[in-house]
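These notes are about the structure you will find just below.
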Amino acid sequence: MNYYSYPLPTYVEYPIIIVQDIILLLFVLHYNGKLKHALPYTAIFASGWYMLTLQKWILDLTMNLSTLISAASKLVQLRYLWQTKDSGQVSATTWGLAIYTCATRIYTTLVTTNDATVLIRFIVMLALNTWVLATVLYYRKTTKKTD
Numbered sequence: 006m007n008y009y010s011y012p013l014p015t016y017v018e019y020p021i022i023i024v025q026d027i028i029l030l031l032f033v034l035h036y037n038g039k040l041k042h043a044l045p046y047t048a049i050f051a052s053g054w055y056m057l058t059l060q061k062w063i064l065d066l067t068m069n070l071s072t073l074i075s076a077a078s079k080l081v082q083l084r085y086l087w088q089t090k091d092s093g094q095v096s097a098t099t100w101g102l103a104i105y106t107c108a109t110r111i112y113t114t115l116v117t118t119n120d121a122t123v124l125i126r127f128i129v130m131l132a133l134n135t136w137v138l139a140t141v142l143y144y145r146k147t148t149k150k151t152d
């Protein structure tokens, strides 16, 4: 699957994250007594994974779709924050870490591959994560201590 002749770590990150998610899902299904429901999902996952390796355009399409889905998710979260005007249980630290991760990925992409698609993805995610963090901080409720 080395379509672009990038360093191996560029390709290894996402499969490891996906496998971690699958293992977590299997544990959840096991402890909920629903492990038998995992078979259809396993078949879909295996066939999808196989299709990713068939054509370069499929890999490019999935990257673009993942950017679209991630952006849509953040916009939905922003809309909810604006509607409720309450950041409630949203962690500013988590969003700060997401911003740091995107900034780091932009740097490492520039240094290793300079891939425009990946750069656009992380620049968009950095902007949206920063927007969510600013919204969370704006709607954060301050509590006054009484002595």
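Heads up: the sequence shown is residues 6 to 152, going by this note's numbering.
Glycine included, C-beta positions come from ideal geometry on N, C-alpha and C.
A quick note: this is a predicted structure, and the numbers were derived from the prediction, not measured.
Beta-carbon to beta-carbon, L142 and A97 are separated by about 6 Å, close enough to satisfy the 8 Å threshold. Following the DSSP letters along the chain, one finds K79 inside the alpha helix (DSSP H) bounded by residues 61-89. Under the three-state reduction of DSSP output, N37 falls in the coil class, being neither helix nor strand.
Of the candidates Y105, L83, N69, N37, L83 places its Cα closest to the Cα of W136. Annotation for N134: the continuous alpha helix (DSSP H) segment containing it runs 121-144. Per DSSP, reduced to three states, the secondary structure at T109 is helical. The beta-carbon distance between R110 and F127, rounded to whole angstroms, is 5 Å. This is short enough to meet the 8 Å contact definition. Leaving aside the five residues that flank L80 on each side, the residues in its chain whose CB is nearer than 8 Å to its CB run, in chain order, L133.
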